[in-house]
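Undergrad: Residue numbers (my numbering), protein chains in the order written: chain S, 623 to 857; chain C, 4 to 229.
By construction, the Cβ of each residue, glycine as well, lies at the ideal position given by its N, Cα and C atoms.
It should be emphasised that the depicted structure is a prediction, and the values quoted were computed from it without experimental measurement.
Here it is, the structure in full.
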């Protein structure tokens, strides 16, 4: 059974329907059982009966969850598959020592990945190959020569975690320097000189993932893959 | 938390308001009245009747005029939301967005700039469950306009009940429309909702229809005790 964790500002909040319910629908449609628990009820421990945990997103202004240190400790101690979406990615990264910084993005982003990780095991037809191949480097799982795929992902966040030491990026987007939002608000880069930022990260040795964009919007395949792998598959 | 609801008078914004009232306080409804029938964000048939719906719900309505020009209408929306923040002290906005990233992301940006929460309680809802809830929860909704094949001239004015929903499902399966009309296949108007103190009764209406495009214009209506 999968545990879906609600990170919103209070149990049973109005945000539940937007950030938690769509993930529940995907898990249910995939044929898996799940429970939903608000993070305040975890009491510093993720119950062993669950096969994996999904941490859902929160509203743009809702950052209360990050103050709960026992939540981070619980994630660090947990040895089963974890995936954190948006705010959940902040939880995962913070648990493993990553700082959180301001970085705003609202809207669709072009995301690139090389399918070396099991989370990409079932790529739907609408996702296209970019024509490029992965370069020989230490990120994107270092799979030199692999095809690069592209898709659109929906981002709504005001902050982004730095990638912890033990994590690698599996997918990324580009920051367009000097780009502006519709009201002239500048899009700030992750760090000075950086042109790319991670959209999907994974621990080097454990099936612990963070996703910056919202896969429940137009990219349910990623959540389905994670659910299937954690319920009997192999990461 | 005091909230303002972006309110078009159709089922999605009215149902979102219903959900918001179950969790938080709704201080005002906000209607953008667009003079552009092709507006991406705001056009709805019978938009002037949101005043009667607000009266039925006994919730203040803030009405704001917009020319409905792409992007400029977003400046107007921001001005309207800003006014609601000043006048009603709202801390967040509620929308009836179901799947439109175009609409949702633009409202998110406006809320962010005005330091307001943004709530989309129908976001990626299971459309069949949602439509069943609309009926089961006691909403009285009519089809106020149809804008795609195969809807004929008999559709404008129909009440969304079990029979209508069953037909919509058949049309969805055959023509791949969305059950909720999210793709602009049809528009709706709410005559009654659980939080309305009184209900709207339509006295007179007219319908224009041509080539799968038909709009019901409500020309006279009154409030009645429930």
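Any idea if residue 627/S is buried or exposed, counting beta-carbon neighbours within 10 angstroms, 16 or more meaning buried?
TA: Classification for residue 627/S: buried.
Undergrad: If we cut at 7 Å on Cβ distances, does residue 778/S have a partner in chain C?
TA: Yes, because at least one Cβ of chain C sits closer than 7 Å to the Cβ of residue 778/S.
Undergrad: Would you verify that the beta carbon of residue 104/C is, or is not, closer than 7 Å to some beta carbon of chain S?
TA: Yes, residue 104/C counts as interfacial toward chain S.
Undergrad: Smallest Cα separation from residue 647/S: which of 845/S, 856/S, 851/S and 854/S?
TA: Residue 845/S is the option with its Cα nearest to residue 647/S.
Undergrad: For residue 8/C, name the three-state secondary structure that DSSP assigns.
TA: Correct three-state label for residue 8/C: strand.
Undergrad: What does DSSP give as the partner residue(s) for residue 730/S in the beta ladder?
TA: Residue 730/S pairs with 776/S.
Undergrad: Less than 7 Å between the C-beta atoms of residue 675/S and residue 668/S, yes or no?
TA: Going by C-beta atoms, residue 675/S is nearer than 7 Å to residue 668/S.
Undergrad: Can you check whether the C-beta of residue 640/S is within less than 7 Å of a C-beta belonging to chain C?
TA: Interface residue, yes.
Undergrad: Any beta-carbon of chain C closer than 7 Å to the one on residue 746/S?
TA: Not closer than 7 Å to any Cβ of chain C, the Cβ of residue 746/S fails to qualify, so no.
Undergrad: Can you tell me whether residue 18/C is helix, strand or coil according to DSSP?
TA: Looking at residue 18/C - three-state DSSP - the assignment turns out to be helix.
Undergrad: Three or more C-beta pairs under 8 Å: does that hold for the segment 18 to 27 of chain C against the segment 773 to 785 of chain S?
TA: Counting Cβ pairs under 8 Å, fewer than three are found: no touch.
Undergrad: What does a CB cutoff of less than 7 Å around residue 840/S pick up in its chain, not counting 5 residues either side in sequence?
TA: Here the set comprises 774 and 776.
Undergrad: Can you tell me the Cα-Cα spacing of residue 850/S and residue 110/C, whole angstroms?
TA: For residue 850/S and residue 110/C, the distance between alpha carbons rounds to 34 Å.
Undergrad: Evaluate the contact criterion for the segment 168 to 184 of chain C versus the segment 196 to 215 of chain C: three or more CB pairs, one atom per stretch, below 8 Å.
TA: No, they do not touch.
Undergrad: Counting pairs of Cβ atoms below 8 Å between the segment 706 to 722 of chain S and the segment 831 to 839 of chain S, do you hit three or more?
TA: Touching, yes, given that three or more Cβ pairs across the two stretches are closer than 8 Å.
Undergrad: 7 Å is my cut-off, CB to CB: does residue 115/C come that close to chain S?
TA: Closer than 7 Å: yes.
Undergrad: Grab the span of the alpha helix (DSSP H) containing residue 693/S for me, first residue to last.
TA: First-last of the alpha helix (DSSP H) with residue 693/S: 691 to 699.
Undergrad: According to DSSP, simplified to helix, strand and coil, what is residue 791/S?
TA: Here residue 791/S sits in strand by DSSP.
Undergrad: Check each residue of the segment 117 to 128 of chain C: if its Cβ is closer than 8 Å to any Cβ of chain S, include it; give the result in chain order.
TA: Going along the segment 117 to 128 of chain C in chain order, one finds 118, 119, 120, 121, 122, 123, 124, 125, 126, 127 and 128 with a Cβ nearer than 8 Å to chain S.
Undergrad: If I measure Cβ to Cβ from residue 655/S and keep anything under 6 Å in the same chain, skipping five residues before and after, which residues do I get?
TA: Once the five neighbours on either side are set aside, the close Cβ partners of residue 655/S are 623.
Undergrad: Any beta carbon from chain S within less than 7 Å of residue 131/C's own beta carbon?
TA: Closer than 7 Å: no.
Undergrad: Over the uninterrupted beta strand (DSSP E) stretch that includes residue 191/C, give me the two end residues.
TA: Element bounds for residue 191/C: 189 to 195.
Undergrad: Is the beta carbon of residue 113/C sitting closer than 7 Å to the one on residue 7/C?
TA: No, they are not a contact pair.
Undergrad: Would you kindly work out how many angstroms separate the C-alpha atoms of residue 769/S and residue 77/C, rounded to a whole number?
TA: Taking the straight line from one Cα to the other gives about 40 Å.
Undergrad: So if DSSP puts residue 108/C in a beta bridge, which residue, or which two residues, is it bridged to?
TA: According to DSSP, residue 108/C bridges with nothing at all.
Undergrad: So which of 692/S, 797/S, 716/S and 744/S has the shortest CA-CA distance to residue 661/S?
TA: Of the listed residues, the one whose Cα sits closest to residue 661/S is 692/S.
Undergrad: Are the C-beta of residue 37/C and some C-beta of chain S separated by less than 7 Å?
TA: Not closer than 7 Å to any Cβ of chain S, the Cβ of residue 37/C fails to qualify, so no.
Undergrad: Can you list, in chain order, the residues of its chain with a C-beta nearer than 6 Å to that of residue 162/C? Leave out the 5 residues immediately preceding and following it.
TA: Correct list, in chain order: 145.
Undergrad: Between residue 636/S and chain C, is there a C-beta pair that is closer than 7 Å?
TA: Answer yes: the Cβ-Cβ gap between residue 636/S and chain C drops below 7 Å somewhere.
Undergrad: Assuming residue 741/S and residue 847/S make a contact with CB atoms under 8 Å, what is their CB distance in whole Å?
TA: 5 Å between Cβ atoms; contact.
Undergrad: Taking Cβ-Cβ distances below 7 Å as the criterion, which residues of the segment 5 to 36 of chain C are in contact with chain S?
TA: Hits within the stretch, in order: 22, 23, 26 and 27.
Undergrad: So which of 227/C, 217/C, 35/C and 170/C has the shortest CA-CA distance to residue 87/C?
TA: Checked all of 227/C, 217/C, 35/C and 170/C; the closest Cα to residue 87/C is 35/C.
Undergrad: Check whether the segment 714 to 726 of chain S and the segment 781 to 789 of chain S are in contact - that is, three or more C-beta pairs closer than 8 Å.
TA: With the cut-off at 8 Å, the segment 714 to 726 of chain S and the segment 781 to 789 of chain S touch.
Undergrad: Just to confirm the assignment: which complete beta strand (DSSP E) runs, minimum length 3, are found wholly within the segment 646 to 712 of chain S?
TA: You should have 656 to 660, 674 to 677 and 704 to 707.
Undergrad: Less than 7 Å between CB atoms is the rule here; does residue 709/S satisfy it with respect to chain C?
TA: Cβ-Cβ to chain C under 7 Å: no for residue 709/S.
Undergrad: For residue 789/S, tell me which candidate among 829/S, 722/S and 681/S has the shortest Cα-Cα distance.
TA: Answer by Cα proximity: 829/S.
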